[in-house]
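Inspection log for the structure reproduced underneath, given as structure tokens.
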Amino acid sequence: MSVEPEHLNRRRMLKALAGGALGSLAASQLVHASSEVAPLITVTIPPRLKNISPELLAKDESFWAQVALNYDKARGIVNLEHGYWGKMSRQVQQVFIEKTEMVNTQLSVYGRKHFSNDLKNSAHKIAQALGADSDEVVITRNATESIHNLMRQYNDFNANDTVLFADIDYPSFKETMRWLAKTQHVKPVEVTLPAQTNQAEILNLYITAFDENPNVKLMLLTHVSNQHGLILPVADVAKAAKARGIDVICDCAQSWGLLDFNIAELNVDWAGFNLHKWIGSPVGVGALYMKKGTLDKISPYPGETDSTNKLVYKRVHTATSNFASILTIPAALDFHQSIGAANKEARLRYLRNLWVEEAKKLPNIEVLGGEDDASSTGMGAFRIKGKVSLEDAKTLQQRLENEFNVFTVVRVGLASGCCIRVTPQIFISAEEMKQLTLALKSL
Numbered sequence: 003m004s005v006e007p008e009h010l011n012r013r014r015m016l017k018a019l020a021g022g023a024l025g026s027l028a029a030s031q032l033v034h035a036s037s038e039v040a041p042l043i044t045v046t047i048p049p050r051l052k053n054i055s056p057e058l059l060a061k062d063e064s065f066w067a068q069v070a071l072n073y074d075k076a077r078g079i080v081n082l083e084h085g086y087w088g089k090m091s092r093q094v095q096q097v098f099i100e101k102t103e104m105v106n107t108q109l110s111v112y113g114r115k116h117f118s119n120d121l122k123n124s125a126h127k128i129a130q131a132l133g134a135d136s137d138e139v140v141i142t143r144n145a146t147e148s149i150h151n152l153m154r155q156y157n158d159f160n161a162n163d164t165v166l167f168a169d170i171d172y173p174s175f176k177e178t179m180r181w182l183a184k185t186q187h188v189k190p191v192e193v194t195l196p197a198q199t200n201q202a203e204i205l206n207l208y209i210t211a212f213d214e215n216p217n218v219k220l221m222l223l224t225h226v227s228n229q230h231g232l233i234l235p236v237a238d239v240a241k242a243a244k245a246r247g248i249d250v251i252c253d254c255a256q257s258w259g260l261l262d263f264n265i266a267e268l269n270v271d272w273a274g275f276n277l278h279k280w281i282g283s284p285v286g287v288g289a290l291y292m293k294k295g296t297l298d299k300i301s302p303y304p305g306e307t308d309s310t311n312k313l314v315y316k317r318v319h320t321a322t323s324n325f326a327s328i329l330t331i332p333a334a335l336d337f338h339q340s341i342g343a344a345n346k347e348a349r350l351r352y353l354r355n356l357w358v359e360e361a362k363k364l365p366n367i368e369v370l371g372g373e374d375d376a377s378s379t380g381m382g383a384f385r386i387k388g389k390v391s392l393e394d395a396k397t398l399q400q401r402l403e404n405e406f407n408v409f410t411v412v413r414v415g416l417a418s419g420c421c422i423r424v425t426p427q428i429f430i431s432a433e434e435m436k437q438l439t440l441a442l443k444s445l
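Okay, so the sequence shown: first residue is 3 according to my numbering, each after it adds one.
Here it is, written out as structure tokens:
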């Protein structure tokens, strides 16, 4: 990558300062250096592979081995826990380092005079990638911040209303919905989904919950469950909800980058996203989507005002955030898109199927999540049959790590019990997935 580092610009600046050129010209050069956009090396798909389907490309180990060269991988353990946060490619990491150096050098000169334009550019880039308008998206620190704000600031409750969520939702969000019900004097209802299920069954369970609770006003709907990677039929559930006058908050914390989709396909009112999981940005970058015409039901963040209910950025107040992380968003999205969202989704599904197909043959292993492709992602989960307690799951996680050199994570919150989540990334090889398969056969 032939990029002139920001620090070379600073060295020239220091020489000018040393020579007595401490004036407006130097200041303008400093600002100009901050706004330079570095060329980005992206992944190039070889001509022989350009016209094949994502499903076929997913099986081409030579291509994905080349993709993996763009990442620094830790040695000594097979890490299958990438649902916490993702890894930046080397190129994106370099941009992040350069932006960190620039911000640390220019400080408030940049922050006060020029950051707002770069913030708008990064938000616009997110909106484009999501298929949304720029005035429907604001940058946050993570999906949790986005969704917590939506739930806390929802203002359209009436007496006898109900809020609805499910056991497969993120534990913190479930607790916040219960808190919301208590503080707003409305009724909380939790839907329980089977440990293994499919799209039709999920939709029917939600419709039944709507019919049994006709006063549901607000619901939380997860796109991809953080516990076991189950895909919910969000568009169909949202359609049924809207027909009953139910407002929908969608948790897309795990789905963006894990799946190939745009926000219009989901047909929801509001959604929260992470960019530091599957998009590959630095940690601390998320987004909040608010569909046009829905801002009146979400009050501005306390201390903010929006009399016209048209300013999505008034629904959050992140204060001083990591400037460099936000400035790196365009580079992360460029790199993600150069690989291809559909290609990443197919590769991750393929890696999941490698271990799931073997695990299903084992009499003592219970695979959780989607029963079919439409309900499954690259993220999966399992447990030993009958071993559903937290202690059981912790013991299993430790065995995988200490005896088989495979790192995973315990997930809680499912009505059916605890489990082990398995989350590969695109730089994980099929050979590395065999380590988990061998471990499962030995348990």
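Every residue, glycine too, gets a C-beta built ideally from N, C-alpha and C.
Query: Could you tell me which residues DSSP puts in a beta bridge with Leu261?; Result: Trp258
Query: Mapping the DSSP letters down to three states, classify Glu403 as helix, strand or coil.; Result: helix
Query: Pick out whichever of Thr320, Ser377, Ser327 has its Cα sitting closest to the Cα of Glu103.; Result: Ser327
Query: So does the segment 125-140 actually touch the segment 152-163, counting three or more Cβ pairs closer than 8 Å?; Result: no
Query: Tell me the start and end of each unbroken beta strand (DSSP E) in the segment 98-178 that is at least 3 residues and wholly inside, in chain order.; Result: 139-142, 164-168
Query: Counting C-beta neighbours from all protein chains within 10 Å, is the total for Gly78 16 or more, i.e. buried, or is it exposed?; Result: exposed
Query: Tell me Cys421's beta-bridge partners as DSSP assigns them.; Result: Arg413
Query: Report the CB separation of Val236 from Ala211 in whole angstroms; it is logged as a contact under 8 Å.; Result: That pair is no contact at about 15 Å.
Query: Which word fits Met435, buried or exposed, when buried means at least 16 other C-beta atoms lie within 10 angstroms of its C-beta?; Result: buried
Query: By alpha-carbon positions, which one of Ala432, Lys127, Leu335, Ile367 ends up nearest to Gly380?; Result: Ala432
Query: Let me know the secondary structure DSSP gives Ile54 once reduced to three states.; Result: coil
Query: Closer than 6 Å by C-beta to Ser418: which residues in its own chain qualify, once you throw out the five before and the five after it? Chain order, please.; Result: Ala197
Query: For the alpha helix (DSSP H) that Asn345 lies in, which residues bound it at each end?; Result: 343-361
Query: Return yes when the Cβ of Ala240 is within less than 7 Å of the Cβ of Asn269, no when it is not.; Result: yes
Query: How would you label Asp213, buried or exposed, when you count the other beta carbons within 10 angstroms and need 16 or more for buried?; Result: exposed
Query: Is it the case that the Cβ atoms of Arg423 and Ala383 are separated by a distance below 7 Å?; Result: yes
Query: Report the option in Gln427, Val285, Leu313, Glu368 whose CA atom is closest to the CA atom of Arg354.; Result: Gln427
Query: Along the chain, where does the beta strand (DSSP E) that runs through Val236 open and close?; Result: Run containing Val236: none in the beta strand (DSSP E); it sits in the alpha helix (DSSP H), 236-245.
Query: So, helix, strand or coil for Met221, using DSSP?; Result: strand
Query: Sorted by chain position, which residues of the same chain lie with C-beta nearer than 8 Å to Ala361's C-beta, five sequence neighbours on each side aside?; Result: Ile367, Val369, Phe384, Thr439, Leu442
Query: Are three or more beta carbon pairs between the segment 277-294 and the segment 332-347 nearer than 8 Å?; Result: yes
Query: Taking all protein chains shown into account, do 16 or more other C-beta atoms lie within 10 angstroms of the C-beta of Glu347, making it buried, or fewer, making it exposed?; Result: buried
Query: Mind checking which residues open and close the beta strand (DSSP E) that includes Lys436?; Result: Element bounds for Lys436: not the beta strand (DSSP E) but the alpha helix (DSSP H), 432-444.
Query: Can you grab the Cα-Cα spacing for the pair Ser91 / Glu393, in whole Å?; Result: 36 Å
Query: Arg401 and Gly288 - do their beta-carbons sit closer together than 7 Å?; Result: no
Query: Quick check on DSSP: helix, strand or coil for Pro190?; Result: strand
Query: Leaving aside the five residues before and after Ala266 along the sequence, list all residues of the same chain whose C-beta is less than 6 Å from its C-beta, in chain order.; Result: Gly133
Query: Based on DSSP bridge pairs, tell me the residues matched to Val408.; Result: Val80
Query: Measuring only the C-alpha atoms, how far is Ser444 from Gly88?; Result: 29 Å
Query: Is Asn276 helix, strand or coil when you go by DSSP?; Result: strand
Query: Under 7 Å Cβ to Cβ from Pro302, same chain only, skipping five residues before and after it: list those, please.; Result: Asp308, Lys316, Arg317
Query: Any idea if Pro49 is buried or exposed, counting beta-carbon neighbours within 10 angstroms, 16 or more meaning buried?; Result: exposed
Query: Give the DSSP bridge partners of Asp249, in chain order.; Result: Leu220
Query: Check the DSSP bridge columns for Met292 and list the partner residues they point to.; Result: Trp272
Query: Under 7 Å, do Leu290 and Met221 count as touching if we go by C-beta distance?; Result: no
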